[in-house]
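J.: Residue numbering for the sequence shown follows the working numbering, starting at 862 and increasing by one per position.
All residues carry an ideal CB built from backbone N, CA and C; glycine is no exception.
A quick note: this is a predicted structure, and the numbers were derived from the prediction, not measured.
Just passing along the structure, written as structure tokens.
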Amino acid sequence: MRITVITLMALLVVGCSTAGPFVTSISSDGRGNLIVDKAHVEFNSFVGTISTKDATSSTINLGVK
């Protein structure tokens with residue numbers, strides 16, 4: 862019984878992993894600036910899915926005219 866509970870608790874802990882923030886997209890706004898999108902990436906090993914959360918967007922001025 863005790864080993865079963867410990868095993869179930871361990872499986873719950875290793876089910877998901879979160880990494881980040883990672884750059885998910887870089888694009889130009891057409892005016893000499895870069896738009897950089899970042900998000901935390903989560904991998905669910907039980908279902909085999911990758912999802913993103915807490916996405917942010919930043920603009921970087923390259924000084925190009």
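Quick one: Cα of LEU923 to Cα of ILE887, how far?
T.: Each residue's Cα considered, the two are about 13 Å apart.
J.: Can you give the Cα-Cα distance for THR920 and GLU903, rounded to whole angstroms?
T.: So the two alpha carbons sit approximately 24 Å from each other.
J.: Of the residues VAL908, GLY893, VAL884 and ARG863, which one's Cα is nearest the Cα of ALA900?
T.: Considering only alpha carbons, the answer is VAL884.
J.: So who's on the other strand from LEU923, going by DSSP bridges?
T.: None; LEU923 has no bridge partner.
J.: To the nearest angstrom, how far is it from the Cα of ASP915 to the Cα of GLY909?
T.: Rounded to whole angstroms, ASP915 to GLY909 spans 20 Å at the Cα level.
J.: ASP890 and SER918: beta carbons closer than 7 Å?
T.: No. Outside cutoff.
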